[in-house]
């Protein structure tokens with residue numbers, strides 16, 4: 001394999017791993033609350049990232065902490081909300097709706113009239129989802145939109161965190177904040193879910209698949225992969241989620257839903273190739 005293709009392969013592996021982890025998590029939703037799985041995922045990523053980055057916590061300014069706490073709140077909210085959506089609607093549809101967040105951010109940051117074409121295409125995709133309401137619930141759509149809004153905040157705060165914290169130190173600290181944020185729910189109302197070794201095993205596997213492997217792949221890939229190419233590849237997330245949902249939990253999308261998903265993917269690719277802002281990194 002040529003060295004130019006290797007970073008692309010790493011990103012694809014990361015995308016597949018994230019969505020496989022999400023599908024694996026969904027297999028547990030009849031046994032435990034989505035919050036429990038999210039907490040186990042964040043627990044895994046926090047432990048790995050802290051051990052890896054060894055963030056320097058002493059001597060930080062109030063501004064440093066304000067940014068990283070906000071980053072952690074966005075990270076925790078994004079993960080919690082999308083897993084709540086996964087428990088209510090198909091994975092592919094949830095991720096498609098979630099993409100409204102970063103797409104909106106890209107539109108706001110663009111001053112090109114031609115980008116309205118991508119906005120219209122994404123809007124068409126979302127409207128088409130309404131024609132297959134049997135798979136949709138109000139709560140599922142609402143949680144997907146909340147995840148999208150948190151994703152947009154995550155993108156903005158990621159850049160600010162990167163200017164104040166070196167390497168992965170900010171992400172490690174933010175992971176701790178997100179873990180602490182969800183701990184009252186996971187260790188309180190849903191504490192009984194953590195009494196099973198099986199749940200811990202699968203939950204930690206979800207953490208490895210959805211956080212550790214993607215972080216590692218993206219870290220290596222971004223050393224040589226242009227951000228524009230990375231953004232285009234990340235636009236494949238909805239399709240990857242739909243395929244993982246079909247392969248692991250037997251979720252079948254209709255022809256109309258596939259068309260809707262494709263519209264959003266193409267719009268995301270189009271915005272990524274023409275917008276000026278930095279490419280978002282998906283957690």
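Residue numbers (UniProt numbering): 1 to 283. Using N, Cα and C, we set each Cβ at its ideal position, and we do this for glycine too.
List the whole-angstrom C-beta distance separating residue i from residue j, where the pair is believed to meet the contact cut-off of C-beta under 8 angstroms.
i           : j           : result
residue 206 : residue 49  : The pair is not a contact, with the Cβ atoms about 16 angstroms apart (cut-off 8 angstroms).
residue 118 : residue 182 : Their Cβ separation, rounded to whole angstroms, is 34 angstroms, which puts residue 118 and residue 182 out of contact at 8 angstroms.
residue 125 : residue 267 : 7 angstroms
residue 145 : residue 97  : 6 angstroms
residue 193 : residue 94  : In fact, because the Cβ distance is near 21 angstroms, the residues do not count as touching under 8 angstroms.
Nearest to residue i by alpha carbon, out of the options?
i           : options           : result
residue 74  : 55, 153, 249, 58  : 153
residue 196 : 239, 31, 157      : 31
residue 103 : 116, 247, 91      : 116
residue 284 : 216, 174, 89      : An answer regarding residue 284 cannot be provided, because it is not within the stretch 1 to 283 covered by the chain.
residue 330 : 169, 123, 89, 22  : Absent from the model: residue 330. The displayed extent of the chain is 1 to 283, so no value can be given.
residue 256 : 37, 199, 92, 214  : 92
residue 84  : 112, 143, 53      : 143
residue 185 : 39, 54, 19, 28    : 39
residue 151 : 141, 71, 172      : 71
residue 261 : 216, 127, 158     : 127
residue 248 : 12, 13, 137, 28   : 28
residue 178 : 55, 26, 198, 76   : 76
residue 90  : 35, 233, 209, 139 : 139
residue 176 : 19, 269, 108, 53  : 53
residue 251 : 37, 86, 82        : 86
residue 231 : 269, 114, 82      : 269
Under the three-state reduction of DSSP, which class applies to residue i: helix, strand or coil?
i           : result
residue 143 : helix
residue 35  : helix
residue 114 : helix
residue 214 : helix
residue 273 : helix
residue 198 : helix
residue 166 : coil
residue 135 : helix
residue 89  : coil
residue 280 : Caution applies to residue 280, whose pLDDT of 45 falls short of 50 and renders its modelled position unreliable; the value that the coordinates give is listed next. Three-state result, residue 280: coil.
residue 158 : helix
residue 253 : coil
residue 183 : helix
residue 238 : helix
residue 55  : coil
residue 62  : helix
residue 41  : helix
residue 6   : helix
residue 71  : helix
residue 193 : helix
residue 28  : coil
Between residue i and the ligand COA, is the CB less than 7 angstroms from at least one heavy atom?
i           : result
residue 208 : As far as ligands go, the structure on display features none, and thus does not contain the ligand COA.
What does the alpha-carbon distance come out to for the pair residue i and residue j?
i           : j           : result
residue 283 : residue 211 : Caution applies to residue 283, whose pLDDT of 47 falls short of 50 and renders its modelled position unreliable; the model cannot decide the point.
residue 272 : residue 201 : 37 angstroms
residue 6   : residue 58  : 38 angstroms
residue 204 : residue 16  : 17 angstroms
residue 44  : residue 22  : 14 angstroms
residue 8   : residue 235 : 13 angstroms
residue 226 : residue 188 : 44 angstroms
residue 292 : residue 167 : Because the chain is modelled from 1 through 283, residue 292 falls outside the range shown and cannot be assessed.
residue 147 : residue 41  : 16 angstroms
residue 105 : residue 149 : 9 angstroms
residue 233 : residue 219 : 15 angstroms
residue 13  : residue 69  : 30 angstroms
Is the stretch 127-145 in contact with the stretch 44-64, if contact means three or more CB pairs nearer than 8 angstroms?
no
Could you say if the stretch 255-266 and the stretch 225-242 meet the contact criterion of at least three C-beta pairs nearer than 8 angstroms?
yes
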